[in-house]
Structures are given as C-alpha cells and as structure tokens.
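The sequence shown begins at 103 in my numbering and counts up by one.
Only one structure is covered here, and it is reproduced in the block below.
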Amino acid sequence: MANGKKRPKNGIALGIALGLPFGAVIGMLLFDNIAVGTALGMVFGIAIGAAIDARSTSDEETE
C-alpha cells in the first residue's frame, strides 16, 4: 500500500460473529434445531469471511 498501513484481516472473525446468530435463527425457523443452524451458520460464516479476506488482499501485499 502506498501509505504503508496494513489493513486488518478479520473477515473470518466477522463471518463467524454474524454466521452464528443468523444460523441459529434459520435453524430454529427451518429445522426446529438450533444446533444444526449454528453449525451451518458457522460454516458459511467462515467460508464467506475467508473469501472477503482473500478478495481484500491486493497484489502488492502478495508480492
């Protein structure tokens, strides 16, 4: 980066933090089982968070 500052990489943490509650709600609504919903929410949260981290990494940081 031109200004020398590194952006924090916390997409996975954000994905987990948002995936768990949304998964719990969806689990209660669709499956009547909160454990299944939280597990699915965490899986999708980690996947989306990792994708956000990978996308935010510029070519300059990878060299």
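Backbone N, C-alpha and C fix where the C-beta goes; we use that ideal spot for every residue, glycine too.
In this text, all values refer to a predicted model and were calculated from it rather than measured experimentally.
- Note on Thr140: 16 or more other CB atoms within 10 angstroms of its CB, so buried under the neighbour-count rule.
- Between Phe124 and Gly151 the beta-carbon gap is near 13 Å, outside 8 Å, which marks them as no contact.
- Counting along the chain, the unbroken alpha helix (DSSP H) around Thr140 starts and ends at 136–158.
- Taking 7 Å as the cut-off, the Cβ atoms of Ile136 and Gly129 count as close.
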